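Enquirer: Just so you know, we're using the numbering used here here: the sequence shown kicks off at 4 and counts up by one.
Backbone N, C-alpha and C define an ideal beta-carbon position, used for all residues, glycine too.
Bear in mind that the values here come from a model prediction, so they are computed numbers and not experimental data.
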Amino acid sequence: MSNIPTFDELVLQAAGHPPYPYQCRLAEEGLPELLRVPTGTGKTLAATLPWLYRRRFHPDPAVRGATPRWLVLVLPMRVLVEQTLSVVSGWMAAVGLEEHVAVHTVMGGEGRLESRWRRSPEQDAIFVGTLDMLVSRALNRGYGASRFVWPIDFGLFNAGCQWVFDEVQLMGPALPTSLQLDGLRRSLGTAMLCSSMWMSATVEDRWLATIDHPSIDSVAELGDDDRAGHLARRLKAEKTVRRLEVDPDPKRYAASLAAHLLELHQPGTRTIAVLNTVERARQLRLELERAGAPDLVLLHSRFRPDDRARRTIDALAEVDARGPGRIVVSTQVLEAGVDLSSSLLFTEAAPWPSVVQRAGRCNRDGDAPGATLAWSPPPKAAPYEEADVAAAAAELITLESQALTATEMGARSVAVAEVVHPLLRRRDLLGLFDTTPDLSGNDVDVARFIRSVDDIDLLVAWRPVTEAGPDDTDPTPTREELCPVPIGELRTLLKKGRAAWRFDHLREGWARCGPGDVRPGQVVVLRSAEGGYEPRSGWDPLSRTPVPPVRGDEPAPGGEVEEGTGADPLTFAPGTWVPLTQHLAEVEAAVRELYAELAPPGLSSGHGEAAAGAGRLHDLGKAHPCFQQMLLATVRYDHERPPDPGPAWAKSGGSGRSHHQRRYFRHELASALALLGGASPALDGLDEPDLAVFLVAAHHGKVRVGIRSLPEEPAPPDPTKRFALGVWDGDVLPEVDIPGQRLPAAVLDLGPMELGDQDDGRPSWSGTVLELRDRADLGPFRLAFLEAVVRLADWRMSAAHEDRTR
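#1: Select from VAL468, LYS498 and PRO650 the residue whose C-alpha is nearest the C-alpha of ALA634.
#2: So, under 8 Å CB-CB, LEU694 and LEU775 are touching, yes? Tell me the CB distance rounded to an integer number of Å.
#3: Helix, strand or coil for SER683? Go by DSSP, reduced to three states.
#4: Classify VAL322 as helix, strand or coil using the three-state DSSP reduction.
#5: Do the CB positions of LEU260 and VAL249 come within less than 8 Å of each other?
#6: May I have the straight-line CA-CA distance separating GLN172 from ALA385, to the nearest angstrom?
#7: Which term fits VAL564, buried or exposed, when burial requires 16 or more other beta carbons within 10 angstroms of its beta carbon?
#8: When DSSP labels each residue in this structure, what does PRO24 get in the three-state scheme?
#9: Sorted by chain position, which residues of the same chain lie with C-beta nearer than 6 Å to ALA748's C-beta, five sequence neighbours on each side aside?
#10: Report all residues from its chain with a CB closer than 6 Å to the CB of LEU37; omit the five preceding and five following residues, and keep chain order.
#11: Return helix, strand or coil for SER89, following the three-state DSSP convention.
#12: How would you label ASN6, buried or exposed, when you count the other beta carbons within 10 angstroms and need 16 or more for buried?
#13: Mind checking which residues open and close the alpha helix (DSSP H) that includes LEU182?
#14: Could you tell me which whole alpha helix (DSSP H) segments of length 4 or greater appear in the stretch 115-175?
#15: Among the candidates PRO24, ALA787 and THR439, whose CA atom is the shortest distance from the CA of VAL708?
#16: Would you report the Cα separation of LEU493 and TRP768, rounded to the nearest angstrom?
#17: Could you tell me which whole beta strand (DSSP E) segments of length 3 or greater appear in the stretch 261-347?
#18: Pull up the distance between the alpha-carbon of PRO1 and that of ARG501, whole angstroms please.
#19: So, at 7 Å on beta carbons, what are the nonlocal neighbours of VAL581 in its own chain, with the 5 sequence-adjacent residues on each side left out?
#20: Identify which residue in ARG415, THR274, LEU83 and SER190 has its Cα closest to the Cα of THR205.
#21: In its own chain, which residues sit with a C-beta less than 6 Å from the C-beta of LEU116, not counting the 5 before and 5 after it?
#22: Quick check on VAL564: does DSSP put it in helix, strand or coil?
#23: Where do the N-terminal and C-terminal ends of the beta strand (DSSP E) with GLU224 fall, by residue?
#24: Around the C-beta of GLN335, are 16 or more other C-beta atoms found within 10 angstroms, so that it is buried, or is it exposed?
#25: Do VAL358 and ARG273 have their C-beta atoms within less than 8 Å of each other?
#26: Which one or two residues does DSSP pair with GLU351 in a beta bridge?
#27: Runs of 3 residues minimum, wholly inside the stretch 37-85: which ones carry the beta strand (DSSP E) assignment?
#28: For the 8 Å Cβ check, are there 3 or more pairs between the stretch 231-240 and the stretch 312-319?
#29: Could you give the DSSP three-state label for LEU402: helix, strand or coil?
#30: For MET4, which of helix, strand or coil comes out of DSSP?
#31: According to DSSP, what are the bridge partners of TRP465?
#32: Return the Cβ separation of LEU137 and VAL77 in integer angstroms, given the expectation that the two are a contact with Cβ distance under 8 Å.
#33: Can you tell me whether LEU758 is buried or exposed? The criterion is at least 16 other CB atoms within 10 Å of its CB, across all chains shown.
#34: What residues in its chain sit with their C-beta under 7 Å from that of PRO645, if we drop five residues either side in the sequence?
#35: Which one of MET800, GLN405, HIS61 and THR133 has the shortest CA to CA distance from THR243?
#36: My assumption, with CB atoms under 8 Å, is that GLY729 sits in contact with ARG778. Please give the rounded CB distance.
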């Protein structure tokens, strides 16, 4: 935009209409902790454009500087993500900011996009994603992401973010988790300011109080000027309540309901039917199809992205007033966020907040006189509590034939059972800092902090693989292939003998998995020939129709692809041999540049110098003979050979691929052990040497809190020697040049891997890291942020070499 706009001008240019008064107040006063406004009153705009105005256009530079650089929009349902992403992207394009404020989706399998935002954390950005994908990242267990990038996401999503949680009544355990995270950020400290806002029309204050977040400090609601202005038509839109006498027998329920809906549906209008379960929604669609329903759309969360996007577009498309109309069959996905209206809306009885939200999709704009809110009791209360469904049904009975607004419905007092969710405590968060799995490859399960037991998903891709499963060289599934599937339903399928595979980072390839091997957020591959999915109806475990496979863009390099413990995908830059000294100097400069761009106020200059020092020293271990031999083994042709004799190399110029002679060899462990021994002069002048060594060790996400050997790892010939990750006690790291200094040879001592203090009184490796984690001036959030800075600087320089060879 050529001129600095006022907020009114910004909204008019972005959205094509002026803002509501309450949205103007948010732009002037800042986002509150709680935004309590009725459905259909522009909450998405209220979360996005006031933040954008304060971040980029506010006349006070102090306000701009204090506004978090990232806006994180957390949605309860996947089907909302595409619509919100499209709307927000359109706003950025309309105001000419598409090149300056990136808009990203976070839904799993987002290789190329995730790489882009991870490499540019200093850029203003808007993230749109589901609560499982986003909250898991804030807990250091990012669903759908490589385990080795979990700490990057943990560091970035807990620094400099404005979190916005939409429709809190649908968040389940993620609501207290989000509150606890907000409180723990305040008490433990962050590198950059993080704020949170919760939005809903049906939130109760008692839901927003936890141990570490005892109260809400600021609330925004509609004012009299809102109710008297452009919103008046929406706020006064009425719908008449009507009960349908649907056959309660589960075997006849769907057919009976279909008959009622076809009788009530009016040509030239949209009818919406909201069912409480995906299974009943599929059954209703089938019965309506059999009865010849016109323009029928099934919409729920269990679709692959492209299929879900097509269903969403079909559901939202304008209805031809002269045509037969459209019937949209859906689930809870339409309770929140989707800007969709109908003349007839049917809902199964559900907890009262859900009924109110669904009712907001009936005569949403006030343009459907005679609109009807139809309902009936479901055959079974699940997935809701029976008492909640019964209380809502009893209230609806009292409202029979009454015309009410959404505001009037929301104001009614209807009992909802108090659900006690697991509470994320400080000790839980501190424990999650350690990303080391147990010896079976299992991790601390965070699902209980994110979703209810019956609502936990993993991600499934269908591929045309043989009975032996995917080849170990097959790439990780991309977003276009992935369908969210309830973990319980997949386990049931696997118990019946269905074949499935997951990537095993220890085996460094695909492994057959049984019912006990799957975990929330995991990516699993099924055989497309065995069925389980149809493009029109989504996930269907009863379907035996072969699944048409899809294959999206290959994810870009940078760590977002699931990889084995011993892998170093960015070490290869065919055509260019990069000396180790050059790479270390480049990464140190990149750390300083990125740190200066972010300017984290919660960190000291000593912390920043430790990060820069880690950049200068991070790859010392590549001078190890094991690593250098691996690089030289990539040479396939004479012209690819490096200069001889040459320095220690950081990047291979060979066109081949090679593996370490010692399985699982990790050069960053060799780097850290050298710095704890003979290479320690490299740390002279640093105020935070322990911090620098940790950042060196952690720069691939594979050596962090603990050091241990892995199953099937080859042991040294001397059985008395310790070994871990391909490093053996007594290994010698040769003399090596670093920027401005030559370091002496260093004998690598694995004594720090033992528990307890060492013989010389020095703490163990784990003890040193945990002390850093628990320091008042660091803490888990700041420590992970510094990890992210060093790792992303390394990525940038590695990617730059790769780009130059293309």
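Expert: The relevant details are as follows:
#1: Contrary to the premise, residue 634 reads as Leu rather than Ala in this sequence. Distances from the CA of LEU634 to each of VAL468, LYS498 and PRO650 were compared; the closest alpha carbon is that of PRO650.
#2: Yes, LEU694 and LEU775 are in contact; Cβ-Cβ is about 6 Å, under 8 Å.
#3: helix
#4: Of the three classes helix, strand and coil, the one that applies to VAL322 here is coil, per DSSP.
#5: yes
#6: 17 Å
#7: In this prediction, VAL564 scores a pLDDT of 42, lower than 50, which makes its location untrustworthy; the coordinate-derived value is nonetheless stated afterwards. So VAL564 counts as buried.
#8: helix
#9: VAL735, PRO737 and GLU738
#10: TRP201, ILE219 and VAL222
#11: helix
#12: A residue is called buried when at least 16 other Cβ atoms come within 10 angstroms of its Cβ; ASN6 does not meet this threshold and is exposed.
#13: 177-191
#14: 134-141 and 153-159
#15: THR439
#16: 40 Å
#17: 273-277, 299-302 and 329-333
#18: In this structure the chain extends from 4 to 809, so residue 1 is not present and cannot be described.
#19: TRP652, ALA653, LYS654 and HIS804
#20: ARG415
#21: With a pLDDT of 39 at LEU116, under the threshold of 50, the predicted position of this residue should be treated as unreliable, though the coordinate-derived value follows. Here the set comprises HIS107.
#22: Low per-residue confidence applies at VAL564: pLDDT is 42, beneath 50, and the placement is therefore not dependable enough to give any value.
#23: Element bounds for GLU224: 222-224.
#24: buried
#25: no
#26: SER379
#27: Whole beta strand (DSSP E) segments, 3+ residues: 37-39 and 73-78.
#28: no
#29: In the structure shown, the three-state DSSP call for LEU402 is coil.
#30: With a pLDDT of 47 at MET4, under the threshold of 50, the modelled position of this residue cannot be trusted, and the question is left open.
#31: According to DSSP, which records beta bridges pairwise, TRP465 is partnered with LEU529.
#32: Their Cβ separation, rounded to whole angstroms, is 5 Å, which keeps LEU137 and VAL77 in contact under 8 Å.
#33: exposed
#34: TRP580, TRP652 and GLY656
#35: Across the set MET800, GLN405, HIS61 and THR133, the C-alpha of GLN405 shows the shortest separation from the C-alpha of THR243.
#36: Rounded, the Cβ-Cβ distance is 31 Å, inconsistent with contact.
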